[in-house]
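Input: a single structure, listed below in structure tokens.
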Amino acid sequence: MKTVALTCIECPVGCRIEVDLEENKVLAVRGNSCLRGKMYAENEVVCPKRVVTSTVKTTDGRMLPVKTDKPVPKTEIFAVMQKINSATATTPVKIGDVIIKAVCEDANVVATGNAE
Amino acid sequence: MMERDLVIIGGGPAGLAAAVSAYDNGAKDVVIIERDERLGGILNQCIHNGFGLTRFKESLSGPEYAARFIELVRQREITVMLKTTVLDLSADKTVTAINEENGVFTLKAKAIILAMGCRERSRGALNIAGTRPAGIYSAGTAQKYVNIKGYMPGKRVVILGSGDIGLIMARRMTLEGAKVLAVCEIMPYSSGLKRNIVQCLDDFGIPLYLNHTITKIEGEKRVTGVVVSKVDENKKPIAGTEMHFDCDTVLFSVGLIPENELTKNAGIKLSPRTRGACVYQNRETQIEGVFACGNVLQVHDLVDFVSEEAELAGASAAAYLNGKRRTDNAVIVENGKNVGYALPQMIDRSVNENVKLFFRVTGTFKDCTIIARSDDKILAKRKKKIAVPGEMETMLLTAEAVAEAGEKIEVYLETCGEN
Ligand SMILES: Cc1cc2nc3c(=O)[nH]c(=O)nc-3n(C[C@H](O)[C@H](O)[C@H](O)COP(=O)(O)OP(=O)(O)OC[C@H]3O[C@@H](n4cnc5c(N)ncnc54)[C@H](O)[C@@H]3O)c2cc1C
Ligand code: SF4
């Protein structure tokens, strides 16, 4: 068995969490203050994932803020960024509009800002 | 001269939430004056997520968080003046502003809410040897370039200061293809949130050098490198610890200062500790009918608290317009041992309600107790496993506790073993 120490990034509290692991199987999670933290820790030791936030150029030359609507594996972040940087969003765009479908597994890139 | 009931200076999250709350509490003639071409303030350039967890129980990006409040403003009959800058504010609540359409004009307000936000400390405030080549930016300026203008300020970057904006920009520039070589922090701790150290630095293997500072910036026309040195307990660079980095860009993330030129013009007393106005529990300044909220009052780390404070200021302004006046019978709130400041600085005794105190501690403390005391009476007390300067602390004073207080309330922190 090994124990991994983590800092939870789900909220600003930043709890220090310890996870007991046996060959990629989580045995115990300690130190979290809520369920979100437990889920974060369980995922983090197996396949860490992050939401990617960035910008996409619009057809009228402005920058549109975007994010992945689900966390993507950390190892895929730069591949996702490459797709984001070669995309263009056609205006008008509203918050929540899908800009790139299935950028990574079932995660889409969606607008987080409005552009008329 | 045009007369309005309530003029709100600044259309960032503070101004927006204040406007909505004032309107909903009965103020029906509300104007927001914003110098930018859109509402939302600094949130427009904060495209990362993590906003609104307290408020909306969701992780939103800055523009998404702002959009929710902009929508609330739109649903009400609130006047919004964009591309309009307030130049002056006088003690009799006359607002002088300028825009393209009207040139310079004045507004006479019955009540005012100050919501101008903060700006970044500049490099001028620091002493670093070397010439002043191009390639040196504040982290917030770099954030604006990358996220709003879509332009990368450089390729090889060293960041001075580990505040949240610096950490966020370390990740942002890395994602856009730059190499962030180091983040240097002169203090023994980071002033940024732990989650940002993990997801902005650790995720990308960016080293954080605590107790280090930039001692020299090299380059004639453009930055070509920096020298980073370790510092001793007195923040003096230690000879022989120099490290050299080849870089074309230096970002500064060395703190925020409330933007209070207008407040000073009006003759409102500022606190030397917060650099914002001294306020009562309802966020009223020493000038009756002038309120302040958000980063212009105290630098917040979380926008959720900005909205909460702004709603309080908005409701107070509405009550003022409705004829409610404070009394001169106030308890003074002061910061004591290990606490950097406490806000509100004054509590009106005639108000019989709970008061939430906001404050920051001056160092990293483990297993400590935060205490609010008046004379020999302990009014409130809370144990903390850990307290750090990077995180704003709060403590509730009940109405009964305030009623028991003498002339002053002192907020201080005891470490384990002392009392
Ligand atoms: C560069 C930067 C990055 C930040 N990043 C984060 C972050 O990632 N997460 C977080 O929680 N907080 C962040 N903050 C803190 C953030 O400022 C607050 O959370 C929040 O935006 C403060 O709201 P506010 O309305 O008080 O100020 P602001 O958002 O700054 O809004 C103030 C508004 O007032 C306007 N204004 C100022 N003076 C005048 C005038 N004279 N006339 C007319 N209009 C005027 C400005 O144009 C601006 O729109 C950041 C701050 C800065 C400076
Ligand atoms: S465990 Fe819960 S409270 Fe602690 S940091 Fe994670 S989300 Fe926040």
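Chains as they are written, first to last, in this note's numbering: chain L, 35 to 150; chain F, 363 to 781. The beta-carbon is built from N, C-alpha and C at its ideal position, and this holds for glycine as well.
Cβ of residue i within 7 Å of any heavy atom in ligand 2?
{"i": "S67/L", "result": "yes"}
{"i": "R430/F", "result": "no"}
{"i": "C562/F", "result": "no"}
{"i": "G71/L", "result": "yes"}
{"i": "V60/L", "result": "no"}
{"i": "V47/L", "result": "yes"}
{"i": "E44/L", "result": "yes"}
{"i": "Y74/L", "result": "yes"}
List the residues of chain F that residue i touches, going by C-beta distances under 9 Å, in chain order.
{"i": "R84/L", "result": "Q561, D565"}
{"i": "K108/L", "result": "D565"}
{"i": "K91/L", "result": "G512"}
Could you please give me the residues that DSSP links to residue i through a beta bridge?
{"i": "A639/F", "result": "L632/F"}
{"i": "F721/F", "result": "A704/F, E755/F"}
{"i": "Y571/F", "result": "C546/F"}
{"i": "M443/F", "result": "I395/F"}
{"i": "L422/F", "result": "F413/F"}
{"i": "N697/F", "result": "V773/F"}
{"i": "G587/F", "result": "E580/F, D608/F"}
{"i": "E52/L", "result": "A39/L, R64/L"}
{"i": "N461/F", "result": "G465/F"}
{"i": "D450/F", "result": "T458/F"}
{"i": "A749/F", "result": "F727/F"}
{"i": "S500/F", "result": "F614/F"}
{"i": "T122/L", "result": "K91/L"}
{"i": "A692/F", "result": "D710/F"}
{"i": "C138/L", "result": "A141/L"}
{"i": "A379/F", "result": "Answer by DSSP bridge pairing: none, since A379/F is not bridged."}
Run through chain F and tell me which residues come within less than 7 Å of residue i, C-beta to C-beta.
{"i": "I43/L", "result": "R557, V560, Q561"}
{"i": "I129/L", "result": "E426, A429"}
{"i": "M115/L", "result": "L537"}
{"i": "N148/L", "result": "A429"}
Tell me which residue opens and which closes the beta strand (DSSP E) that residue i is part of.
{"i": "P620/F", "result": "618–620"}
{"i": "M97/L", "result": "97–102"}
{"i": "D608/F", "result": "605–608"}
{"i": "V90/L", "result": "87–92"}
{"i": "E365/F", "result": "364–371"}
{"i": "V652/F", "result": "652–654"}
Can you tell me where the alpha helix (DSSP H) with residue i in it begins and where it stops?
{"i": "A540/F", "result": "Where A540/F is concerned, there is no enclosing alpha helix (DSSP H), given that its DSSP letter is neither H nor E."}
{"i": "V668/F", "result": "665–683"}
{"i": "R70/L", "result": "69–80"}
{"i": "M115/L", "result": "111–119"}
{"i": "S484/F", "result": "No alpha helix (DSSP H) holds S484/F; DSSP gives it neither H nor E."}
{"i": "K626/F", "result": "623–627"}
{"i": "L522/F", "result": "Run containing L522/F: none in the alpha helix (DSSP H); it sits in the beta strand (DSSP E), 518–522."}
Run through chain L and tell me which residues come within less than 7 Å of residue i, C-beta to C-beta.
{"i": "H410/F", "result": "T87"}
{"i": "S423/F", "result": "T87, P99, K101, T146"}
Say the cut is 7 Å; is the CB of residue i nearer than that to a heavy atom of ligand 1?
{"i": "N657/F", "result": "yes"}
{"i": "G372/F", "result": "yes"}
{"i": "L405/F", "result": "yes"}
{"i": "I395/F", "result": "yes"}
{"i": "L476/F", "result": "no"}
{"i": "Q505/F", "result": "yes"}
{"i": "V668/F", "result": "yes"}
{"i": "H606/F", "result": "no"}
{"i": "F566/F", "result": "no"}
{"i": "G479/F", "result": "yes"}
{"i": "T447/F", "result": "yes"}
{"i": "P99/L", "result": "no"}
{"i": "D663/F", "result": "yes"}
{"i": "G523/F", "result": "no"}
{"i": "L618/F", "result": "yes"}
{"i": "A376/F", "result": "yes"}
{"i": "L624/F", "result": "yes"}
{"i": "H410/F", "result": "yes"}
{"i": "D398/F", "result": "yes"}
{"i": "E482/F", "result": "yes"}
Give me the chain L residues within the contact set of residue i, using Cβ-Cβ distance strictly less than 9 Å, ordered along the chain.
{"i": "N657/F", "result": "Neighbours of N657/F on chain L: none; closest Cβ ~17 Å, over 9 Å."}
{"i": "L415/F", "result": "E44, C45, P46"}
{"i": "L664/F", "result": "P46"}
What in chain F is Cβ-close to residue i, meaning under 8 Å?
{"i": "M97/L", "result": "N509, I510, K511, G512"}
Does the distance between the C-beta of residue i and the nearest non-hydrogen atom of ligand 4 fall short of 7 Å?
{"i": "E621/F", "result": "Ligand 4 is absent from the structure shown, which contains only ligand 1 and ligand 2."}
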